Amino acid sequence: MVGAGVIGLAIARELALAGQEVVVLESESRHGTGTSSRNSGVIHAGLYYPAGSQKALWCVRGKHLLYEYAASRQVVHANIGKLIVGRAEDEQALANIQKKASANGVDDLTWLSANQIGELEPALSVEHALLSPSTGIVDVHSLMYALEGDLTDAGGMVAVQSRLMWAEQLADQSWQMKIRVGDAPGGASATEEHALQAGTLINAAGLDADAVAMRIKGACQSLVPQTYFAKGNYASLSGRSPFKRLIYPVPVPGGLGTHLTIDTGGGAQFGPDVEWLGSVDPHREPGSSHASVNYQVDPARLDGFARDVARWWPDVSRDRLVPGYSGVRPKIAPLDAPAADFMVLGPADHGQAGLVQLFGMESPGLTACLAIGQAVRQKLLG
Ligand SMILES: Cc1cc2nc3c(=O)[nH]c(=O)nc-3n(C[C@H](O)[C@H](O)[C@H](O)COP(=O)(O)OP(=O)(O)OC[C@H]3O[C@@H](n4cnc5c(N)ncnc54)[C@H](O)[C@@H]3O)c2cc1C
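Position one of the sequence shown corresponds to residue 811 (the numbering used here), numbered consecutively onward.
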């Protein structure tokens, strides 16, 4: 299995608990240094995705599984709820969100009166707000340690600094892999090539899933989607946050709008915004994206954050915003196309036994990780 992000770890745990012998190859020196540690840490309710899509199904199922799992394994989390807010002209967009949520089986959204908005979040200045009580936050690092703990307890392991370079299927349908051990891309440390054989191969390489797929000989490479990177920048709010809940405006193309998230440590940040980086070369070295992406947040973007946030928090001051962190979404639809669904291809989709590949695992991948683990087990083991 390739990739020790939160999705890779959730799949590995699920397969190990089902009695499989699992080794997770991770090119970096520890788990979860990619997108899994560069997100909002929000347990999404499942409001925005088209009914029947895998994003909708796995988000809603994953949310329940994640709350249950976090409670049972002392993973730091909090069911703090969120407000989706709008001005007078956003009323229809909010009503559409409620309709979409309901079609996804999320029936707990409630409209708040002006008094209720003022009581719950007095710093807000909006005409309309929907309360989503099942939205929450999770500490992703605490989650990943719990998942890896379950994996190792069940006899599996994460092999760090182990980069999948090539794979091919042998006549007996097992997978022969070539692994480069002990390096970082462009690093000077000594590297060795090792061969590894396994009955199944799962590509959960996140940003590099397309590049890994192009190194799997014989796999249906025509099914590998063109990938585009869309960076999401965050601005941290210095000082105390006046909000107790997550605050989201109505979504914008490519993202959910500049919203306020609160982390489990009590810090508040705005974002992520959408900075479209464009298409990436599928023939790049697999596992090289993490080092090649510029994760710096340009301070010039802070004016835009202040402008967006002022629509619902007029007292925001540009002086309280500082550049925060950023993450990158692996998009599999171009900027001007409707958002794509998660793409999880198993043997029934591409005809190759023992192979599952995951593409476009953007939000709500964190929320959905345990449900995705179950779905991959189903594809491989029935
Ligand atoms: C800005 C942003 C905000 C988000 N916010 C949320 C949110 O609030 N809630 C939510 O539910 N979701 C959110 N998401 C989505 C969520 O973070 C991702 O869906 C999830 O982290 C993806 O996990 P992953 O395991 O697929 O990928 P990753 O975490 O990227 O893991 C892939 C791993 O594969 C490794 N790898 C790559 N190539 C190789 C190779 N050749 N050999 C070995 N290893 C390799 C990488 O080093 C990496 O560790 C957000 C995403 C972004 C970008």
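Glycine included, each C-beta is placed from N, C-alpha and C at the ideal position. Just so we're clear, the structure is a prediction, and the values are computed from it rather than from any experiment.
Beta-carbon separation of residue i and residue j under 9 Å?
i: R848; j: G1137; result: yes
i: V812; j: A1014; result: yes
i: G1097; j: S837; result: yes
i: L904; j: L940; result: yes
i: G1175; j: I817; result: yes
i: I927; j: L919; result: no
i: T945; j: L1056; result: yes
i: C1179; j: A828; result: no
i: S1089; j: P1144; result: yes
i: R1128; j: D1113; result: yes
i: V1186; j: L825; result: yes
i: L980; j: V885; result: no
i: E929; j: E901; result: no
i: G959; j: R883; result: yes
i: G1049; j: V950; result: no
What's the gap between the Cα of residue i and the Cα of residue j?
i: V1107; j: A1101; result: 16 Å
i: K910; j: G851; result: 23 Å
i: I1142; j: D1125; result: 38 Å
i: A1040; j: L1087; result: 5 Å
i: L922; j: R1117; result: 25 Å
i: V833; j: P943; result: 38 Å
i: P1082; j: A866; result: 21 Å
i: F1080; j: H1069; result: 5 Å
i: S863; j: K1189; result: 17 Å
i: I989; j: P932; result: 55 Å
i: T1194; j: D1151; result: Absent from the structure is residue 1194, since the part of the chain shown begins at 811 and ends at 1192.
i: P1035; j: P1140; result: 11 Å
i: R1121; j: G965; result: 52 Å
i: D917; j: R973; result: 44 Å
i: Q1162; j: G896; result: 48 Å
i: D1091; j: A969; result: 27 Å
i: E1172; j: A1149; result: 10 Å
i: A1023; j: Y859; result: 26 Å
i: P1109; j: D963; result: 44 Å
i: L961; j: Y955; result: 10 Å
i: L1051; j: D1020; result: It should be pointed out that residue 1051 corresponds to Ser in this sequence rather than to Leu. Answer to the nearest angstrom: the Cα atoms are 39 Å apart.
i: K1027; j: I1182; result: 25 Å
i: Q830; j: E1002; result: 27 Å
i: G915; j: W868; result: 12 Å
i: N889; j: A855; result: 11 Å
i: A881; j: I894; result: 26 Å
i: A913; j: Y879; result: 25 Å
i: F1053; j: Y1105; result: 27 Å
i: M987; j: Q971; result: 15 Å
i: G1170; j: M1153; result: 6 Å
i: E899; j: W1123; result: 17 Å
With residue i as the anchor, note down where its alpha helix (DSSP H) starts and where it stops.
i: P1157; result: 1157 to 1160
i: H951; result: 950 to 963
i: Y877; result: 864 to 882
i: V1119; result: 1112 to 1120
i: V1186; result: 1175 to 1191
i: I989; result: Per DSSP, I989 belongs to no alpha helix (DSSP H); it is in the beta strand (DSSP E), 985 to 991.
i: K910; result: 901 to 913
i: R823; result: 816 to 827
i: H1100; result: 1099 to 1102
Identify the continuous beta strand (DSSP E) that holds residue i and give its terminal residues.
i: L934; result: Premise fails: L934 is in no beta strand (DSSP E) and is neither H nor E.
i: M1024; result: Segment: none, M1024 is in no beta strand (DSSP E) and carries neither H nor E.
i: K1141; result: 1131 to 1141
i: A1045; result: 1038 to 1047
i: V895; result: 892 to 896
i: V834; result: 833 to 835
i: H1004; result: 1002 to 1008
i: F1169; result: 1165 to 1169
i: N849; result: Taken as a continuous stretch (DSSP letters only), N849 belongs to no beta strand (DSSP E), as it is neither H nor E.
i: M975; result: 972 to 979
i: Y1058; result: 1056 to 1058
i: T1071; result: 1070 to 1072
i: E1085; result: 1085 to 1089
Measuring alpha carbon to alpha carbon, tell me which of the options ends up nearest residue i.
i: K873; options: M1171, L857, G1114; result: L857
i: G1164; options: L1056, G1042, L1155; result: L1155
i: G1077; options: Y1105, E831, V1062, L1131; result: L1131
i: I853; options: I1072, L1191, R1139; result: I1072
i: K892; options: T962, S1127, P1059; result: P1059
i: A822; options: S972, M967, T1037; result: M967
i: G844; options: V1103, Q884, A888, M1153; result: V1103
i: W985; options: W976, A1149, T1037; result: W976
i: L876; options: G1192, Q1184, L1191; result: Q1184
i: A1008; options: C1030, G1016, Q983, G1028; result: Q983
i: Q1031; options: Y1135, Q1167, G959, P1133; result: Q1167
i: L1191; options: F1169, P1157, G1170; result: P1157
i: G1134; options: V1062, Y1044, L1033; result: Y1044
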